[in-house]
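Colleague: Okay, handing you the structure first.
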Amino acid sequence: MAKQYETVIGLEVHVELATKTKIFCSCSTQFGGAPNTHTCPVCTGMPGSLPVLNRQVVEYAAAIGLAVNCEITRECKFDRKNYFYPDNPQNYQISQLYLPIAKNGYVEIETGGTRKRVRIHEMHMEEDAGKLIHDEWDDTSLVDYNRSGVPLVEIVSEPDMRSADEVIAYLEKLRLIIQYLGASDCKLQEGSMRADVNLSVREAGKEEFGTRTEMKNLNSFKAIARAVEGERERQIELLEAGKKVIQETRRWDDNKEASYPMRSKEDAKDYRYFPDPDLAPVIIDEEWIERIRAEQPEFRTEKLERYEREYNIPRYDAEIITESKKMADIFEAASTACGKPKKVSNWLMVETMRLLKEHGMEPEELAFSPENLAKLVELTEDGTINSSVAKEVFEKIFSEDVDPEKYVEEKGLKTVSDEGALKEVLQKVIAENPQAVVDYRKGKAKALGSLVGQTMKMMKGKADPALVNQKLKELLDH
Amino acid sequence: MSIMSMTAVELGSKIRKREISVEEAVKASLAQVKKMEVKVHSFVTVDEEGALKRAQKVQKLIDEGLISGPLAGVPAAVKDNLCTAGLRTTCSSKILENFVPSYTAEAVQCLERSGAVIIGKTNMDEFAMGSTTETSYYGVTKNPWNLEHVPGGSSGGSCAAAAAEECSYALGSDTGGSIRQPSSFCGVVGIKPTYGTVSRYGLIAYASSLDQIGPIARNVTDCAAVLEMIAAHDVKDSTSVPRKSYDFMGALVDDVRGLRIGIPQDYFTEGLDEEVKEHILSAAKVLEERGASVEMFDLSLVQYAVPAYYVIACAEAGSNLSRFDGVKYGYRAGHYEGLHDMYKRSRSEGFGAEVKRRIMLGSFVLSSGYYDAYYLKALKTKALIKQAFDKAFEKYDIIAAPVSPSAAPKLGKSLSDPLKMYLSDIYTISVNLAGLPGISIPVGTNKEGLPVGMQLIGNCYEERKLLRAAYTFEQTRVYERPGVVKMGGEA
């Protein structure tokens, strides 16, 4: 291939906000539920019903806007986007076009050690649509309005990204910021975060953008990466063959790793946007903005620096821990409680990650209290329990949030520190394993391990293996 | 005096004193409906069974002392664009012929909390689009004063029902004159309150930024009593405004001394019927004699109100009416192939010609490339019209004006020339654009024996001044009953 091509990517990201109730009515936003049970006249578009704005939606949206360095619109408005589709009960979506809540922001991303800014064009609030369910046997479609009216923000970036890596870095950054704010759980699989990818290619060095396509139906970071690569190749192949890229919306099929056209620019709809006369303008005054600003949490970048400085843990640890707000919260609270951040970090990095993977859970789903982890660290450090018992206890903390002090007490898991008792067992073990003793004395180090194991077994794991080792040596070396 | 010829307040008082039972009142109303409907046809749906059941319940509440309002137990009618739980609500359209709402409009609930008995849903122009009640899918309503004439519209059914004494009072809705104009044509009193005074929750929207629900009755006192029942701040309607006072009955004073009344001379130009003009001027004279000051002034911008109104109202209507698609409720075409064909056929078959015209007009003015030229320009015009009124209200307490260029036209004469029909809204429309309160009161009849109404317009939240002037004027004349009512339906 003679020519070099550059990929130009801009993203439209939809995020479902974590409000308890919908954007324009008091129905629950809970995911799931029997069809059409979280509905009322407002979110099913019944004649005569009227929307009333949920203030918490503005609160979250403004917080996200501030966190991604946007200007907040002091008097923003809602507009109606008119189009017919059965998942949209009013046949218009209440959204924002003319005066969106936030504009002109940016986020910093880092890929391969290089930092860059991805600019944000604007961010607006809108309502989600319902879901169509197609009955293949009966040749009919059914509609579930439970999701209708769930609040969304749409974050529209400038075409500033140049690779799949940058796209993922940008999305990760947004996800972390929004999760840190508690404004959404940002789960791609469940659709609480959705990204549409606008992509074009151009010959390296050219100023002018190529014709772009919009890719939809991207349900995971991996699918997004594959779709970016796939679409880049498809467009380059077209250009190399002397053909043109058509401006269109395409649907990604991740199983087939291929995309298919949905609609072209020619059938682009005229949405006839106009200000929604049922809703008053939203006035966001200086005081409100200052309060939201004051309530902004410490984000990941600041945390990373502070962890290295304040807790003296390695950068690598800090990066893993701060990938989830929940994990970072646990880390900080447990470290404060026990004063041993590196030990806490070890529990999070090794055992916690292992158990999360084993249970197929996200870090945000962690449910144990940091106090119990702190107690566990103390019990281990002061030798009350040995490390294998500690692992067992931690599994209980992870799954049932048990108080390790009580648990160790109740189950009698304390390390036996009574040297007399230990000596008795050791002598018994030595007496019962004459061959191992001979082997050890002949210089076979392995034999000692077998004796330690026997001892631990007889003591039901409650001995300190290091102590056993030491005492055995003392006895045998004499 | 028959039960139904009493005013609502008189009947309410007799019910309170146990001189008349709620059941007697409701039965009298239903009997009058039976007599009048063949002639007038004010109703789309009469809820005889529901009303009789409700009468028992209300009587019990009154007896137990749980309801004591001035209109408790009094039979009322509501326009068929107000949702009533369990009772079909059609907007006089085929597309909603089978629509039974699951909830009741806030304004109707206000009535019910005060002990009203709703006897039925009144006819209207389809989706409140029209000035004659002839665009209804359920047949035309006739003017009780002369059955060959229209009752006006779009609240023609409510006004005809009140005039024909089928109910003691009714609710209507007014987007561009839809309460005031038919009130004028039917010789009754109708109020369009300040925008935001009555909750629109449950009112099937025509043009959301202009729609307002209001009372229709046979005198000013009854209207004030009903307004007191329905005016309230409602958190379910984001455009509802909390007011300092909801006392309207207290404004019923027979005294206009010191009141400054302005008459816009730009309303008295070509196109205004001579007889109507004379009636308005002499009514103003009456108020002057009673102590008000009256003078002519230039309101300006009058000719821009109609075009601005039709752009804004149709833009909103096109969007508001898109939910009627055959998917969730209402009419669905019998035969179709696929989703888009179902939309197309259901809407083509379900909507009438005038509604389709306004949806198309609304879609056009919002289309890409036309938005600035039409919709934005209309919004700017609306703002200028509001400014013109603001200026006028610096000098005057009240503006007195005609309601319509003529008295009620003959049936079948209006729809063939929609432009002319639109222009006849010229005196009422700017009140909606500016969000102002307006009242229409009967001031006389023309040579044909048709009623003529006068419109009084106030500044925002100044209904009390309108009520005071209207009440004072009303004291100078005797209420006239339409011929068909005097003849007991035999005319």
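Just so you know, the protein sequences line up as chains A and B, in that order. Under this note's numbering, the first residue of the first sequence carries the number 1, and numbering increases by one thereafter. Under this note's numbering, the first residue of the second sequence carries the number 479, and numbering increases by one thereafter. For glycine and all other residues, C-beta sits at the position ideal for the given N, C-alpha and C.
Using 9 Å as the threshold, is the C-beta distance between Pro-960/B and Cys-637/B below it?
Modeller: Cβ atoms of Pro-960/B and Cys-637/B: not closer than 9 Å.
Colleague: By Cβ distance, which residues of its chain are closer than 8 Å to Glu-612/B, with the 5 residues on each side in sequence left out?
Modeller: Cβ neighbours of Glu-612/B beyond the five flanking positions: Asp-603, Val-618, Val-628, Gly-631, Leu-889, Gly-890, Ser-892, Leu-893.
Colleague: Beta carbons nearer than 9 Å to chain B: which residues of the segment 46-69 of chain A have them?
Modeller: If the cut-off is 9 Å between Cβ atoms, the segment 46-69 of chain A has Met-46, Pro-47, Gly-48, Ser-49, Leu-50, Pro-51, Val-52, Leu-53 near chain B.
Colleague: Please report the straight-line C-alpha distance between Leu-944/B and Leu-934/B, rounded to a whole angstrom.
Modeller: Their Cα atoms are separated by approximately 6 Å.
Colleague: Got a sec? Which residues, its chain only, sit under 7 Å from Ala-367/A by beta carbon, not counting five neighbours each side?
Modeller: Here the set comprises Asp-401.
Colleague: For Leu-279/A, would you say it is in contact with chain B, using Cβ-to-Cβ distances shorter than 9 Å as the test?
Modeller: So yes, Leu-279/A belongs to the interface.
Colleague: Go ahead and label His-124/A buried or exposed: buried means 16 or more other beta carbons lie within 10 angstroms of its beta carbon, across all protein chains shown.
Modeller: Looking at its Cβ environment, which holds 16 or more other Cβ atoms inside 10 Å, His-124/A is buried.
Colleague: Taking C-alpha atoms, which residue in Ala-947/B, Ala-486/B, Ala-648/B lies nearest to Val-586/B?
Modeller: Selected option, being the one with the closest Cα: Ala-648/B.
Colleague: Give the residues of chain B in contact with Tyr-92/A, contact being defined as C-beta atoms less than 7 Å apart.
Modeller: Residues of chain B passing the Cβ test: Ser-797, Ser-800.
Colleague: Classify Met-353/A as helix, strand or coil using the three-state DSSP reduction.
Modeller: Correct three-state label for Met-353/A: helix.
Colleague: Quick one: complete alpha helix (DSSP H) runs, 4+ long, within the segment 136-191 of chain A?
Modeller: Listed in chain order, they are 164-181.
Colleague: Does DSSP put Val-8/A in a helix, a strand or coil?
Modeller: DSSP places Val-8/A in strand when its eight states are reduced to three.
Colleague: Report the three-state DSSP secondary structure of Ile-246/A (helix, strand or coil).
Modeller: If DSSP states are grouped into helix, strand and coil, Ile-246/A belongs with coil.
Colleague: Where does Ala-969/B land, buried or exposed, given buried means 16+ other C-beta within 10 angstroms?
Modeller: Here Ala-969/B scores only 47 on pLDDT, less than 50, and its place in the model is too uncertain to base an answer on.
Colleague: What residues of chain A sit near Thr-717/B, judged by a beta carbon separation below 9 Å?
Modeller: Here the neighbours are Leu-50, Pro-277, Asp-278, Leu-279, Ala-280.
Colleague: Using a Cβ-Cβ cutoff of 9 Å, what residues of the segment 806-825 of chain B are near chain A? List them in chain order.
Modeller: Correct list: Lys-806, Tyr-807, Gly-808, Leu-817, His-818, Tyr-821.
Colleague: Does the segment 553-572 of chain B come into contact with the segment 663-681 of chain B, if we say contact requires no fewer than three beta-carbon pairs (one atom in each stretch) closer than 8 Å?
Modeller: Result yes; three or more Cβ-Cβ pairs closer than 8 Å.
Colleague: Between Pro-100/A and chain B, is the shortest Cβ-Cβ distance under 9 Å, so that the two count as touching?
Modeller: No, because no Cβ of chain B sits closer than 9 Å to the Cβ of Pro-100/A.
Colleague: Between the segment 469-476 of chain A and the segment 513-532 of chain B, do at least 3 Cβ pairs fall closer than 8 Å?
Modeller: The answer is no - the segment 513-532 of chain B does not touch the segment 469-476 of chain A, with fewer than three Cβ pairs under 8 Å.
Colleague: Counting only the same chain and skipping the five closest in sequence on each side, list residues whose C-beta sits under 6 Å from that of Leu-356/A.
Modeller: Counting only Cβ-Cβ distances below 6 Å, and skipping sequence neighbours, we find nothing.
Colleague: How many Å lie between Ile-284/A and Phe-842/B at the Cα?
Modeller: Using only the alpha carbons, I get a separation of about 33 Å.
Colleague: In terms of DSSP beta bridges, what is Gln-93/A paired with?
Modeller: Answer is Lys-81/A, bridged to Gln-93/A.
Colleague: Quick check on Asp-270/A - is its C-beta less than 9 Å from some C-beta in chain B?
Modeller: Interface residue, yes.
Colleague: Give me the Cβ distance between Ser-661/B and Ser-908/B, rounded to the nearest whole Å; I'm assuming they're in contact under 8 Å.
Modeller: Not really, about 18 Å apart at Cβ, beyond 8 Å.
Colleague: Going by Cα to Cα distance, which pick from Lys-670/B, Asp-733/B, Gly-828/B, Phe-871/B is closest to Glu-767/B?
Modeller: Among Lys-670/B, Asp-733/B, Gly-828/B, Phe-871/B, the Cα nearest to that of Glu-767/B belongs to Asp-733/B.
Colleague: Ignoring anything shorter than 3 residues or poking outside the segment 722-777 of chain B, list the beta strand (DSSP E) runs there in chain order.
Modeller: Listed in chain order, the complete beta strand (DSSP E) runs (minimum 3 residues) inside the segment 722-777 of chain B are 738-742, 771-775.
Colleague: Given a cut-off of 9 Å, decide if Met-349/A and Ile-485/A are closer than it, judged by their beta-carbon atoms.
Modeller: Chain A is shown only over 1 to 478; residue 485/A falls outside these bounds and no answer can be derived.
Colleague: For Thr-545/A, go through chain B and note every residue whose CB falls closer than 8 Å to its CB, in chain order.
Modeller: Residue 545/A lies beyond the range of chain A shown here (1 to 478); nothing can be said about it.
Colleague: Entirely within the segment 655-683 of chain B and at least 3 residues each: give me those beta strand (DSSP E) ranges in chain order.
Modeller: With a minimum length of 3 residues, the continuous beta strand (DSSP E) runs that stay inside the segment 655-683 of chain B are 667-670.
Colleague: Figure out for me which residue from Lys-3/A, Phe-78/A, His-121/A has the closest Cα to the Cα of Val-13/A.
Modeller: Among Lys-3/A, Phe-78/A, His-121/A, the Cα nearest to that of Val-13/A belongs to His-121/A.
Colleague: Take Ser-479/A and list the residues in its own chain whose beta-carbon comes closer than 7 Å to its own, dropping the five residues that flank it on each side.
Modeller: Here chain A comprises residues numbered 1 to 478, so residue 479/A is not present and cannot be evaluated.
Colleague: Exposed or buried, which one is Glu-706/B when buried takes at least 16 other CB atoms within 10 Å?
Modeller: Glu-706/B should be labelled buried.
Colleague: Taking the Cβ atom as the reference point for each residue, do Leu-565/B and Val-704/B lie within a distance shorter than 9 Å?
Modeller: It is not a contact, given that the beta carbons lie outside the stated cut-off.
Colleague: Taking Cβ positions, are Glu-6/A and Ala-241/A nearer each other than 9 Å?
Modeller: Contact: no.
Colleague: Can you confirm whether the segment 853-871 of chain B touches the segment 593-608 of chain B when touching is taken to mean that 3 or more C-beta pairs between the two stretches lie within less than 8 Å?
Modeller: In short, these stretches do not touch, since the Cβ pair count stays below three.
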